[in-house]
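S.K.: Its first residue numbered 1, the sequence shown is counted upward by one per residue in this note's numbering.
One structure coming up, written as C-alpha coordinates, with questions to follow.
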Amino acid sequence: MDGLATHPDPELRYLAVSTRILDDCDPTTPVEPTPEGTIPPRPPRKAGPLPLDAPKPPSDPEPAPTRTGPIEEVPLDPLDKCAGAAHAARVLTAFDGTGPADYAGLRKRLTSLDYPPFRIHRMPDHDGSPRARLDLRFMGNNLALEITGTRDGVSVESFGAPETEDVRITDVRRKQNPAASTS
(Lines of atoms letter the chains of each structure in order from A; the text may use other names.)
(Lines give C-alpha, C1' and ligand atoms only; values in the text may rest on other atoms or scores of the structure.)
Protein backbone atom coordinates (compact mmCIF):
# COMPACT_ATOMS: atom_id res chain seq x y z
CA MET A 1 0.00 0.00 0.00
CA ASP A 2 2.87 2.37 0.79
CA GLY A 3 4.11 2.08 -2.80
CA LEU A 4 0.87 3.65 -4.02
CA ALA A 5 1.55 6.80 -1.99
CA THR A 6 4.12 7.83 -4.61
CA HIS A 7 2.41 6.38 -7.69
CA PRO A 8 2.19 8.79 -10.65
CA ASP A 9 -1.58 8.24 -10.99
CA PRO A 10 -3.35 10.72 -8.64
CA GLU A 11 -6.36 8.40 -8.25
CA LEU A 12 -4.14 5.59 -6.95
CA ARG A 13 -2.45 8.00 -4.51
CA TYR A 14 -5.91 9.08 -3.34
CA LEU A 15 -6.94 5.44 -2.89
CA ALA A 16 -3.83 4.86 -0.75
CA VAL A 17 -4.76 7.84 1.48
CA SER A 18 -8.39 6.72 1.73
CA THR A 19 -7.42 3.14 2.51
CA ARG A 20 -5.16 4.27 5.37
CA ILE A 21 -7.95 6.45 6.76
CA LEU A 22 -10.56 3.69 6.47
CA ASP A 23 -8.20 1.19 8.11
CA ASP A 24 -7.81 3.57 11.06
CA CYS A 25 -11.60 3.96 11.28
CA ASP A 26 -12.51 0.29 10.82
CA PRO A 27 -14.03 -0.95 14.07
CA THR A 28 -13.37 -4.58 13.11
CA THR A 29 -9.59 -4.12 13.21
CA PRO A 30 -8.65 -5.80 16.50
CA VAL A 31 -6.79 -3.75 19.07
CA GLU A 32 -5.31 -5.49 22.08
CA PRO A 33 -4.87 -3.62 25.38
CA THR A 34 -1.30 -3.35 26.63
CA PRO A 35 -0.33 -4.85 30.00
CA GLU A 36 -0.69 -1.36 31.49
CA GLY A 37 -4.32 -1.36 30.37
CA THR A 38 -4.00 1.33 27.72
CA ILE A 39 -5.15 0.73 24.19
CA PRO A 40 -2.48 1.40 21.56
CA PRO A 41 -3.31 2.94 18.19
CA ARG A 42 -4.74 0.51 15.68
CA PRO A 43 -2.09 -1.27 13.63
CA PRO A 44 -2.51 -1.07 9.87
CA ARG A 45 -4.57 -3.93 8.48
CA LYS A 46 -2.83 -6.45 6.30
CA ALA A 47 -4.82 -5.73 3.19
CA GLY A 48 -3.82 -6.97 -0.20
CA PRO A 49 -2.56 -4.51 -2.76
CA LEU A 50 -5.06 -2.58 -4.79
CA PRO A 51 -5.32 -3.91 -8.31
CA LEU A 52 -3.36 -1.82 -10.77
CA ASP A 53 -6.26 -2.11 -13.17
CA ALA A 54 -8.36 0.04 -10.81
CA PRO A 55 -10.93 2.08 -12.67
CA LYS A 56 -9.46 5.15 -14.29
CA PRO A 57 -11.05 8.52 -13.65
CA PRO A 58 -13.50 9.53 -16.32
CA SER A 59 -12.21 11.81 -19.05
CA ASP A 60 -15.22 14.04 -18.41
CA PRO A 61 -15.03 14.93 -14.70
CA GLU A 62 -18.78 14.76 -14.22
CA PRO A 63 -21.03 12.23 -15.95
CA ALA A 64 -24.15 13.58 -17.56
CA PRO A 65 -26.83 13.50 -14.88
CA THR A 66 -30.08 11.66 -15.44
CA ARG A 67 -31.73 13.52 -12.56
CA THR A 68 -32.64 17.16 -12.58
CA GLY A 69 -32.77 19.65 -9.75
CA PRO A 70 -31.21 19.56 -6.31
CA ILE A 71 -30.66 16.28 -4.52
CA GLU A 72 -31.03 16.04 -0.75
CA GLU A 73 -28.05 15.30 1.47
CA VAL A 74 -28.03 11.76 2.93
CA PRO A 75 -26.86 10.66 6.40
CA LEU A 76 -23.34 9.35 6.92
CA ASP A 77 -22.80 6.00 8.58
CA PRO A 78 -20.29 5.79 11.49
CA LEU A 79 -17.42 4.69 9.22
CA ASP A 80 -18.02 7.63 6.84
CA LYS A 81 -18.26 10.02 9.82
CA CYS A 82 -14.89 8.80 11.08
CA ALA A 83 -13.30 9.00 7.62
CA GLY A 84 -14.83 12.45 7.10
CA ALA A 85 -13.26 13.70 10.32
CA ALA A 86 -9.87 12.31 9.29
CA HIS A 87 -10.04 13.86 5.80
CA ALA A 88 -11.18 17.16 7.35
CA ALA A 89 -8.24 17.10 9.76
CA ARG A 90 -5.81 16.62 6.83
CA VAL A 91 -7.33 19.58 4.99
CA LEU A 92 -7.43 21.80 8.08
CA THR A 93 -3.77 21.05 8.84
CA ALA A 94 -2.73 21.88 5.26
CA PHE A 95 -4.44 25.29 5.43
CA ASP A 96 -3.54 26.11 9.04
CA GLY A 97 -2.98 29.85 9.28
CA THR A 98 -3.10 30.50 5.54
CA GLY A 99 -6.47 30.80 3.86
CA PRO A 100 -6.65 30.44 0.10
CA ALA A 101 -6.92 33.76 -1.77
CA ASP A 102 -9.05 32.24 -4.50
CA TYR A 103 -10.45 28.99 -5.88
CA ALA A 104 -7.22 28.24 -7.79
CA GLY A 105 -5.25 28.35 -4.52
CA LEU A 106 -7.82 26.15 -2.80
CA ARG A 107 -7.70 23.59 -5.62
CA LYS A 108 -3.90 23.63 -5.76
CA ARG A 109 -3.57 22.87 -2.04
CA LEU A 110 -6.16 20.07 -2.24
CA THR A 111 -4.35 18.43 -5.17
CA SER A 112 -1.09 18.65 -3.20
CA LEU A 113 -2.84 16.49 -0.57
CA ASP A 114 -3.34 13.78 -3.24
CA TYR A 115 -6.98 14.55 -3.96
CA PRO A 116 -7.33 14.12 -7.74
CA PRO A 117 -8.50 17.21 -9.63
CA PHE A 118 -11.58 15.44 -10.97
CA ARG A 119 -12.80 14.94 -7.37
CA ILE A 120 -12.61 18.69 -6.61
CA HIS A 121 -15.67 20.69 -7.68
CA ARG A 122 -16.00 24.45 -7.64
CA MET A 123 -18.97 25.90 -5.82
CA PRO A 124 -20.15 29.52 -5.81
CA ASP A 125 -18.11 31.69 -3.47
CA HIS A 126 -19.54 32.15 0.02
CA ASP A 127 -19.46 35.81 1.07
CA GLY A 128 -16.52 36.36 -1.28
CA SER A 129 -14.59 33.31 -0.03
CA PRO A 130 -13.67 30.44 -2.34
CA ARG A 131 -15.59 27.23 -1.86
CA ALA A 132 -15.23 23.70 -3.22
CA ARG A 133 -16.68 20.26 -2.68
CA LEU A 134 -14.47 17.22 -2.50
CA ASP A 135 -16.16 14.07 -3.77
CA LEU A 136 -14.85 11.18 -1.67
CA ARG A 137 -17.54 8.70 -2.70
CA PHE A 138 -16.06 5.32 -3.55
CA MET A 139 -17.44 1.79 -3.58
CA GLY A 140 -20.71 2.40 -1.79
CA ASN A 141 -19.93 5.19 0.62
CA ASN A 142 -21.55 8.63 0.63
CA LEU A 143 -18.71 10.82 1.89
CA ALA A 144 -18.08 14.33 0.60
CA LEU A 145 -16.47 17.44 2.08
CA GLU A 146 -17.37 21.08 1.64
CA ILE A 147 -14.37 23.37 2.05
CA THR A 148 -14.69 27.15 2.34
CA GLY A 149 -11.77 29.55 2.51
CA THR A 150 -11.47 31.79 5.55
CA ARG A 151 -9.02 34.53 6.46
CA ASP A 152 -7.02 32.17 8.67
CA GLY A 153 -7.47 28.86 6.85
CA VAL A 154 -10.56 26.97 5.84
CA SER A 155 -13.74 25.57 7.29
CA VAL A 156 -14.50 21.96 6.44
CA GLU A 157 -17.77 20.06 6.76
CA SER A 158 -18.37 16.43 5.87
CA PHE A 159 -21.73 15.45 4.45
CA GLY A 160 -23.42 12.60 2.66
CA ALA A 161 -24.17 12.53 -1.05
CA PRO A 162 -26.06 9.71 -2.76
CA GLU A 163 -23.55 7.21 -4.09
CA THR A 164 -24.99 6.87 -7.60
CA GLU A 165 -22.98 8.23 -10.52
CA ASP A 166 -25.90 10.24 -11.85
CA VAL A 167 -25.76 12.56 -8.82
CA ARG A 168 -23.38 15.47 -9.23
CA ILE A 169 -21.78 16.51 -5.99
CA THR A 170 -22.54 20.15 -6.83
CA ASP A 171 -26.29 19.42 -6.95
CA VAL A 172 -26.56 18.08 -3.39
CA ARG A 173 -28.61 20.40 -1.20
CA ARG A 174 -26.94 20.70 2.20
CA LYS A 175 -28.75 20.64 5.53
CA GLN A 176 -27.63 23.22 8.06
CA ASN A 177 -24.75 21.79 10.10
CA PRO A 178 -23.92 23.71 13.28
CA ALA A 179 -20.91 21.45 14.01
CA ALA A 180 -18.58 22.46 11.17
CA SER A 181 -14.84 21.93 11.53
CA THR A 182 -12.78 25.09 11.22
CA SER A 183 -9.19 26.01 11.49
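C-beta: ideal position from N, C-alpha, C; glycine also.
If I follow the unbroken beta strand (DSSP E) through ARG122, where does it start and stop?
M.R.: As a working mapping, residue 122 is identified with position 122 in the sequence shown. Residues 120-126.
S.K.: Going by DSSP in three states, ARG131 sits in which element: helix, strand or coil?
M.R.: Here residue 131 refers to the residue found at position 131 when the sequence shown is read from its first residue. Of the three classes helix, strand and coil, the one that applies to ARG131 here is strand, per DSSP.
S.K.: Rounded to whole angstroms, how far is the Cβ of ILE169 from the Cβ of ARG133, which I believe are closer than 8 Å?
M.R.: Your numbering for residue 169 matches position 169 in the sequence shown. Your numbering for residue 133 matches position 133 in the sequence shown. Sure, about 5 Å apart at Cβ, within 8 Å.
S.K.: CB ALA83 to CB ILE21, shorter than 8 Å?
M.R.: Residue mapping note: residue 83 aligns to position 83 of the sequence shown, counting from 1. Residue mapping note: residue 21 aligns to position 21 of the sequence shown, counting from 1. Yes, these two residues count as a Cβ contact at 8 Å.
S.K.: In three-state DSSP terms, what is ALA89?
M.R.: Taking the sequence shown and counting its residues from 1, one reaches residue 89 at position 89. Here ALA89 sits in helix by DSSP.
S.K.: Name the residue from ASN141, ASP152 and PHE118 whose alpha carbon lies nearest to the alpha carbon of GLU11.
M.R.: Counting from 1 along the sequence shown, the entry for residue 11 is found at position 11. Among ASN141, ASP152 and PHE118, the Cα nearest to that of GLU11 is on PHE118.
S.K.: Whose CA, out of THR19, HIS7 and THR6, lies closest to the CA of PHE138?
M.R.: Along the sequence shown, one-based indexing puts residue 138 at 138. For the residues THR19, HIS7 and THR6, the minimum Cα distance to PHE138 belongs to THR19.
S.K.: Alpha carbon to alpha carbon, how far is ASP166 from ARG109?
M.R.: Locating residue 166 in the sequence shown gives position 166, where the first residue counts as 1. Locating residue 109 in the sequence shown gives position 109, where the first residue counts as 1. Their Cα atoms are separated by approximately 27 Å.
S.K.: What does ILE21 pair with, by DSSP beta-bridge criteria?
M.R.: Looking up residue 21 in the sequence shown gives position 21. Answer is none; ILE21 lacks a bridge partner.
S.K.: Does the Cβ of GLY99 have 16 or more other Cβ atoms within 10 Å, making it buried, or fewer, making it exposed?
M.R.: The residue given as residue 99 occupies position 99 in the sequence shown. The residue is buried, with at least 16 neighbouring Cβ atoms inside 10 Å.
S.K.: From this set, ASP127, VAL17 and LEU79, which residue's C-alpha is nearest GLY140's C-alpha?
M.R.: Residue 140 sits at position 140 when you count from the first residue of the sequence shown. Answer by Cα proximity: LEU79.
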